[in-house]
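Following my numbering, the numbering of the sequence shown begins with 226 at its first residue and continues without gaps.
Note that CB positions come from ideal geometry on N, CA and C, so glycine has one too.
Bear in mind that the values here come from a model prediction, so they are computed numbers and not experimental data.
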Amino acid sequence: MPYIIGLHSAASAFLSAGFATQFTVAVVICLIIVLVTSSLKEDELEAPKSLPGLQFLSIIPFFRQRHDFLNWGFHVTGQSMFQFKLMSHTVIVLSGTPARRAFFYAKGFDLTEGFKILSGAIPMVRGVTSGLQTKRISTIHKRLAAVQKNAPLSDLIPAILADSRRILESFGSTGTFDPFEKIYELIFQTTVRSLSSSEIADDSALVSRMKTLYDRLDTGTTPATVLTPWIPTPAMIKKLWATKEIYDIVVRAMNAREASGISRKDTLQMLIDSGDDKLAVVGFIMGLLIAGARATGTTASWIITFLGGHQTWRQKAKAEAEALLAAQSDPTSSTSISARLAEIPLETWESQTPVLDAIIRETLRVAQPHTAMRRNLGPEMYINDKLIPSGAYVVYPFSDVHLDPEIYPDPWRFDPSRKEVSKVDLGYVGWGVGKTNCLGTRLAKVELKLTTALFLLGFDHIVVDKTGEAPDPLPKPNWNDILMCRPAPGTCYVKFKRTNLAL
Ligand code: HEM
226 MPYIIGLHSA
236 ASAFLSAGFA
246 TQFTVAVVIC
256 LIIVLVTSSL
266 KEDELEAPKS
276 LPGLQFLSII
286 PFFRQRHDFL
296 NWGFHVTGQS
306 MFQFKLMSHT
316 VIVLSGTPAR
326 RAFFYAKGFD
336 LTEGFKILSG
346 AIPMVRGVTS
356 GLQTKRISTI
366 HKRLAAVQKN
376 APLSDLIPAI
386 LADSRRILES
396 FGSTGTFDPF
406 EKIYELIFQT
416 TVRSLSSSEI
426 ADDSALVSRM
436 KTLYDRLDTG
446 TTPATVLTPW
456 IPTPAMIKKL
466 WATKEIYDIV
476 VRAMNAREAS
486 GISRKDTLQM
496 LIDSGDDKLA
506 VVGFIMGLLI
516 AGARATGTTA
526 SWIITFLGGH
536 QTWRQKAKAE
546 AEALLAAQSD
556 PTSSTSISAR
566 LAEIPLETWE
576 SQTPVLDAII
586 RETLRVAQPH
596 TAMRRNLGPE
606 MYINDKLIPS
616 GAYVVYPFSD
626 VHLDPEIYPD
636 PWRFDPSRKE
646 VSKVDLGYVG
656 WGVGKTNCLG
666 TRLAKVELKL
676 TTALFLLGFD
686 HIVVDKTGEA
696 PDPLPKPNWN
706 DILMCRPAPG
716 TCYVKFKRTN
726 LAL
């Protein structure tokens, strides 16, 4: 028992020492005790509370039942912030107004790094979808801004309408469809038109193939493909293969354009003319299609669903589109509505559609199940006196603000007449805020307005359930579906009848 002997001789040495030594030793011991206990306490106080239970049990619900899981976390910890582990990664979940501001403005919070681990829709291919230097990301953002300048965006209007007309005509004169398939398909086409090349967009079989491949990237995202992408699971191999196929499609289009020597008026041409290298062009098209098509498609699907269930708003939006047509184009003209809508200038679409603006805004509030994700690249910081260490992942669910009944009374009710929130700091984040704003907003809004206006003028519609009856209650966005907020299967279809206007 050497340590007992050691302690014993230390005690006798202490007792036989003089008062000065005894006093000094006692003070030092007290100081050590205070320091150790206070540092333990501080750690406990500083770290956001952890979820109870086994850490690995968080993984599946975070990916499969995110909305319920995050709400449960706030509930079970009784805190406005909590943390949990995804494998070796610490993830801190925030809520509340001061935390929201801190999250969106923190200098060290990085979107790309956060997205990489926590979202993982697209496999990381070094140099194309990952490991992009800041310079390449900023080039992609610069080109996206160029696509949305007045002239190119105006040029896109007739093309988007022509695509929409072709697809809507294929619906027939009466029938029923699933908006989360058909309207998403329509937006996928108009987004491919806007962000890639006319050769790809003109080839409907190729667009359909690309949609299948993108769906594979989105729906093939499993916890394993995100957290252990190096393990060649069948899901991961499928995703990698889909990425390769998309890559090949884009490279083929690019090579064909260059070989033809013919210049076209589209985004691919703009990218080639800007002198960007092949990887930058492919990165632009692959990355932005996934960022843009799904969010815009989800919003468009929900707009048509909400308007099918709220006939008053349907009528208001339709009246706005009719008024635009009457004011801007010859009402006696015998041309199709898509051709007449194409005559309306971009500026009018952007500034004289208050009803469509309110509908888009409200749709994003109630049916955009986004959880913003960041990684703290450092330094460590405090939010609400809780430590956010360097390297930690931090997430902020949009439901915290958009579905808060204090800010939006009866939050699940679709009501575009709600006043813009002015009393709450950052009370609406539908297009991002602070350091990260959506860089495709202008394009997305134009796509949404053109397709919605054409649909409302060309069709009468209501929502029905699988029995063909009007559902009661109306379909409710399911925030656990992180892609489309899609309601329960079988609860939501669109029943339509063509109007007598030629599309
Ligand atoms: C209705 C459609 C859309 C919605 C609701 C939407 C919403 C958002 C939101 C909320 C953010 C910020 C995310 C965050 O803070 O975590 C964002 C970022 C972004 N969006 Fe969109 N978006 C839409 C369409 C598009 C389109 C069509 C494009 C491209 C053509 C696009 C490109 C981007 C990019 C590049 C960013 C990242 C900006 C950055 O890194 O600073 N979005 N979007």
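With fewer than 16 other Cβ atoms inside 10 Å of its own Cβ, V301 counts as exposed. Annotation: I569 to I317 spans about 47 Å, alpha carbon to alpha carbon. The alpha helix (DSSP H) runs lying completely inside the segment 412-474 and spanning 4 residues or more are 423-427, 429-444 and 448-452, given in chain order. Within the segment 652-717, the runs of alpha helix (DSSP H) at least 4 residues long that lie entirely inside it are, in chain order, 666-683. Counting along the chain, no alpha helix (DSSP H) covers F309; the unbroken beta strand (DSSP E) around it starts and ends at F307 to L311. Cβ contact annotation for P604 (same chain, cutoff 8 Å, sequence separation greater than five): G333 and S615, in chain order. Remark: the C-beta of T359 is outside contact range of the ligand HEM, defined as less than 7 Å to any heavy atom. Taking C-beta separations shorter than 7 Å and ignoring five residues to either side along the sequence, the partners of I510 in its chain run L420, S421 and V475, following chain order.
Taking R565 as reference, the option from L550, S429 and D685 with the minimal CA-CA separation is L550. Sorting V591, Q593, D582 and V619 by C-alpha distance to the C-alpha of R600 places V619 at the top.
Note: I608 is bridge-paired with K611 in the DSSP secondary-structure output.
Around the beta carbon of Y607, fewer than 16 other beta carbons lie within 10 angstroms, which makes this residue exposed. For V649, DSSP assigns no beta-bridge partner whatsoever. Exclusion of the five residues before and after I462 leaves no residue of its chain whose Cβ lies closer than 7 Å to its Cβ. Burial state of H366 is exposed, judged by a 10 Å Cβ sphere holding fewer than 16 other Cβ atoms. In the DSSP assignment, R600 falls within the unbroken beta strand (DSSP E) covering T596 to N601.
Within the segment 371-420, the runs of alpha helix (DSSP H) at least 4 residues long that lie entirely inside it are, in chain order, 375-394 and 404-420. The criterion of a C-beta distance shorter than 8 Å is not satisfied by V591 and R325. Rounded to the nearest angstrom, the gap between the Cα atoms of A542 and S526 is 16 Å.
Look at P323 here: in three-state DSSP terms it is helix. The beta carbons of K691 and Y653 sit no closer together than 8 Å.
Three or more beta-carbon pairs separated by less than 8 Å link the segment 406-415 to the segment 382-396, which places the two stretches in contact.
Counted as a single uninterrupted DSSP element, the beta strand (DSSP E) harbouring P622 occupies residues Y618 to P622. Across the structure, K722 and L675 are spaced so that their CA atoms are roughly 19 Å apart. Linking F531 to T401 through their CA atoms gives a straight-line distance of about 16 Å.
Per DSSP, D491 has no beta-bridge partner at all.
Put simply, of A272, D293, E271 and I285 the residue whose alpha carbon is nearest the alpha carbon of P622 is D293.
Looking at the backbone, the Cα of A449 and that of F288 are separated by about 10 Å. Where H535 is concerned, there is no enclosing alpha helix (DSSP H), because DSSP gives it neither an H nor an E.
Within 10 angstroms of the beta-carbon of T453 lie fewer than 16 other beta-carbons, which makes it exposed.
Taking the Cα positions, A371 is about 19 Å away from I515.
Distances from the alpha-carbon of I382 to those of D685, T337 and E575 put E575 closest. A residue is called buried once 16 or more other Cβ atoms fall within 10 Å of its Cβ, and D491 is buried on that count. One Cα belongs to Q593, the other to D650, and the distance between them is close to 20 Å. Measuring C-alpha to C-alpha distances from A544 to each of D502, E483 and L581 identifies L581 as the nearest. The DSSP-derived three-state label of S275 is strand.
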